[in-house]
Amino acid sequence: RITPPMGPCSLKQLQVAVAKGNLPKLQLLLGATPTATHTLTDGQPSLLSLALKHSVVPTVAPLLLKHGAVPSVDEYPALIIAAVKAADAVLLAAILRSAGDTACLAVNGWVRGWTPLMHAAMSAPLNIIEMLLRAGADLNARMENGGTPLMIAVQQMRLDSTRLLAVEGAELEAHDVQGWTALYWAAQLGNVEMIDLLIALGANVFPTAEKGSALMVAAENQQLPAVERLLRARCPIESTDSQGWTALSVAAGGGYVKILQYLLDASASIDTRTSVSKRTPLMAAAQGGHVACIKVLLSSPQCGGGMLNASDHPQCATALMFAAKNGHLETVEALLTANADPLIADATESTAIVYASKRGSLPVVATLLRSTTSSPASLMSSLARALPVAARAGHVPVVEALSLHGAPVQPLMTRAAAVGDSELMLVLLKAGVACDIDLASEAMLSAACGGHRGIVQLLLNAKASVFKQDRLHGQNALHLSSVHGHPQVVSTLLAAGAPINAADPNGATPLALAVRCSHLQVVEELLRHGASISGRDVAWDELLSEATDSSVRARLIAEHKRRVLEVELCSIEEAVERKKTKKKRKKE
């Protein structure tokens, strides 16, 4: 652009006055230099751009426009939005006049994802909206999320603006990215007047979104008046979303008892199920622990025994299982009072007791156990599944309660010992289930076989007996650890007093078993602790013949020589001592 002489004032002075919104100063400067608004130095922003940047458009733009300032094409939408936000109809008219034939383009420009009409729908008076519409503003422009000016007006609960936009042709059934129309937004807000207006204007009350109907939206947001009004407008009470949830299911799952009661009174079906998981409203309420909703549903004439113990798919879980799984004690009590069966098993053969045990909810477990007065076989099966679940989760009080109620402890202890699960064993010990010495001793046999020294030590601390023999071979823990080659376990058992030379029913000592199996380290450990290699219970030749491994054989021979030499040295020492004693007696 050509830059004419500035005259009495400088461009810098004008820019400072605009940036500060100093209208008196700007008037003086423009009065002295009427053509100043046309002046631009290369690379310098226009005065209107400065006004936009410093948010002083309503203050200085009228004067700048009066003095002939001409916005660029890119500046028009932002200037219009500034006028809309200020609700300044005079300024808006001036900007639109300045735009001339490009006014339609200007009012449909986008600034940060919004058009001027969207801003007007949010807060501007009706005359501003009308001016934009006369200039050609698009009634159905879409935001990135699919929102329209009509939706914005509804969200701001602006009845007059909503009516004007709808009458002028805004699409009532336009939907955003989640499939919501303006009616859905009115339902969410519970704005009954807005709902009435939209329905009167022709809004569709039937479901249009994957997330369900406007009725479901109202129920989900606890908008009882909106629920009443939508039902009165014949919105289908059994309408569902893409997952098969109804308004009743939503109310039950959310714990909205007043809406739940209203829907039941309006004949909503209690037997509806979600399309995939086949869950009922009762299950939804149980999962959320909404005991008030549970009681309302249970008191409904529609709710019978079949509904009470109905199961979902594919898990086959009942309402009681959902309540137990989430630790909802009052809900569990309410369902049990209504005769829910605590011993029904799901697809994984887990009962409500198993679910509560996994969570570690002792009050729920105790309540369920008290309610199981029949079917001993089913109860024992449930206890057998619940005990390992609780133990592996580290729920000591629950483990204790289950064991006191008869849960089979021995298989679990034996399994924990066999695989070396020290955490599980610690839980069982803390719960006191290993206080039975026989149980602890049985488990130690399994730990000795597996070479689990830590478990062996834990069980020894729990008074497990080193003399306990297994039922199959009649061998004790030392025999078993020797035959399986676990030197550390052998050392631990010997330190606890295990009989080092005890023979099994076949006459084999721990050393003989270790030699036979070529476990050199075990052989060395037993020899170090003084295991016999010859004598009444051990035949040296037979023991040596068992040594097929050269290292074991060499170790036995070396030990045999050492012991023979030791005996000979002892004999010599004894002979010398006898001679000394004899000489001493002669002198006396």
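First residue of the sequence shown: 1, per UniProt numbering; consecutive thereafter. Cβ atoms here follow ideal geometry from the backbone N, Cα and C, with glycine treated the same way.
Fill in: Beta carbon of P116 nearer than 8 Å to that of I81
When the beta-carbon positions are compared, P116 and I81 come within less than 8 Å of each other.
Item to complete: Give every residue of the same chain whose Cβ lies closer than 7 Å to the Cβ of A153, excluding the five residues on either side of it in the sequence, and list them in chain order.
Response: Excluding positions up to five away in sequence, the list reads A121, S161, T162, L165.
Worksheet entry | Member of D549, V364, L402, L28 whose CA lies at the smallest distance from the CA of M380 | M380 has its Cα closest to that of L402, out of D549, V364, L402, L28.
Worksheet item: Could you give the residue range of the alpha helix (DSSP H) that holds F467?
Response: Where F467 is concerned, there is no enclosing alpha helix (DSSP H), because DSSP gives it neither an H nor an E.
Worksheet entry | Y262, enclosing alpha helix (DSSP H) - first and last residue | Taken as a continuous stretch (DSSP letters only), the alpha helix (DSSP H) holding Y262 covers 257 to 265.
Worksheet item: Of the residues Q178, H54, P125, which one's Cα is nearest the Cα of N145?
Response: The alpha carbon of N145 has as its nearest neighbour, out of Q178, H54, P125, the alpha carbon of Q178.
Discussion item. Taking the straight line between their C-alpha atoms, what separation do you get for R562 and L527?
Written reply: Going by C-alpha positions, R562 is about 11 Å away from L527.
Worksheet item: Would you call N506 buried or exposed, if buried means 16 or more other Cβ atoms sit within 10 Å of its Cβ?
Response: Exposed, by the Cβ-count rule.
Discussion item. Quick check on the burial criterion: 16 or more other C-beta atoms within 10 angstroms. Buried or exposed for K584?
Written reply: K584 counts as exposed, since fewer than 16 other C-beta atoms from the protein chains shown sit within 10 angstroms of its C-beta.
Worksheet item: Quick one: what's got a C-beta closer than 7 Å to I344's C-beta in the same chain, skipping five residues either side?
Response: Excluding positions up to five away in sequence, the list reads N309, T318, T351.
Item to complete: Check the C-beta distance from C517 over to G485 and give it rounded, since I have them as a contact under 8 Å.
Response: Sure, about 6 Å apart at Cβ, within 8 Å.
Fill in: Reference H175, options G190, A203, E193, closest by Cα
When each option's Cα is compared against that of H175, the closest is A203.
Fill in: Three-state secondary structure assigned by DSSP to A462
Here A462 carries a coil assignment [DSSP, helix/strand/coil].
Worksheet item: What's the C-alpha gap between C570 and L556?
Response: Spanning the alpha carbons of C570 and L556 requires a straight line of approximately 21 Å.
Worksheet item: By Cβ distance below 8 Å, which residues in the same chain neighbour V227 in space, the five residues on each side in sequence not counted?
Response: Same-chain partners within the cutoff: L215, A218, A219, A247, I259, Y262, L263.
Item to complete: Within its chain, find whatever has a CB closer than 8 Å to the CB of L231; leave out the 5 residues flanking it on each side and keep chain order.
Response: Taken in chain order, the residues that qualify are L215, I237, A266.
Item to complete: Could you pull out every residue in the same chain whose Cβ sits closer than 7 Å to the Cβ of G43, ignoring the five residues on either side in sequence?
Response: Any reading at G43 must be qualified, since the residue scores a pLDDT of 49, below 50, and its modelled position is unreliable; the value itself is stated next. Result list for G43: empty, nothing under 7 Å.
Worksheet item: Between L543 and A512, which are expected to be in contact by the criterion C-beta below 8 Å, what is the C-beta distance as a whole number of angstroms?
Response: Contact flag correct, Cβ pair sits at about 6 Å.
Worksheet entry | Where A417 sits in the DSSP three-state scheme | It is helical.
Worksheet entry | Straight-line Cα distance separating S357 from L387 | Inter-residue distance for L387 and S357 is about 8 Å (C-alpha atoms, whole angstroms).
Worksheet item: DSSP three-state call for R209: helix, strand or coil?
Response: Position check: residue 209 holds Ala in this sequence, whereas Arg was assumed. A209: strand per DSSP, three-state reduction.
Worksheet item: Taking the alpha-carbon positions, what's the E546 to I533 distance?
Response: Distance between the alpha carbons of E546 and I533: 12 Å.
Discussion item. Residues in the same chain with beta-carbon distance under 6 Å from Q410, minus the five sequence neighbours each way, listed in chain order, please.
Written reply: Correct list, in chain order: L439.
Discussion item. One question on the structure: do V276 and L329 come within less than 8 Å of each other, judged by their Cβ atoms?
Written reply: Not in contact: V276 and L329 (Cβ atoms no closer than 8 Å).
Worksheet item: Can you list, in chain order, the stretches of the alpha helix (DSSP H) that have 4 or more residues and sit fully within the segment 461 to 531?
Response: Entirely contained in the segment 461 to 531, the alpha helix (DSSP H) runs reaching 4 residues are, in chain order, 477 to 483, 487 to 495, 510 to 516, 520 to 528.
Worksheet item: In angstroms, rounded to a whole number, what distance separates the CA positions of A514 and D436?
Response: A514 and D436: Cα-Cα distance of roughly 31 Å.
Worksheet entry | Where V111 sits in the DSSP three-state scheme | DSSP places V111 within a strand segment (E or B) once states are collapsed to three.
Worksheet item: What separation, rounded to the nearest whole angstrom, lies between the Cα atoms of V418 and L426?
Response: Before going further, note that residue 418 is Ala rather than Val in the sequence given. Distance between A418 and L426, taken at the CA atoms: about 14 Å.
Practice prompt. Identify the continuous alpha helix (DSSP H) that holds P388 and give its terminal residues.
Written response: For P388, the uninterrupted alpha helix (DSSP H) run begins and ends at 376 to 392, by DSSP.
Worksheet item: From this set, S239, S269, A233, G289, which residue's C-alpha is nearest G254's C-alpha?
Response: Distance from the Cα of G254 is smallest, within the candidate group S239, S269, A233, G289, for G289.
Worksheet entry | Which of helix, strand or coil DSSP assigns to S357 | The answer is helix: DSSP assigns S357 an H, G or I state.
Fill in: Identified DSSP bridge partners for S311
For S311, which the question treats as bridged, DSSP gives the partners T318.
Discussion item. Assuming I199 is part of the alpha helix (DSSP H), what are its boundary residues?
Written reply: Per DSSP, the unbroken alpha helix (DSSP H) holding I199 starts and ends at 192 to 200.
Worksheet item: With a Cβ-Cβ cutoff of 8 Å, do R234 and V192 count as a contact?
Response: No. Outside cutoff.
Discussion item. So, with DSSP's three-state summary, where would you put D42?
Written reply: Note that D42 has pLDDT 44, beneath the 50 cutoff, so the model's placement of it is unreliable and no number is given.
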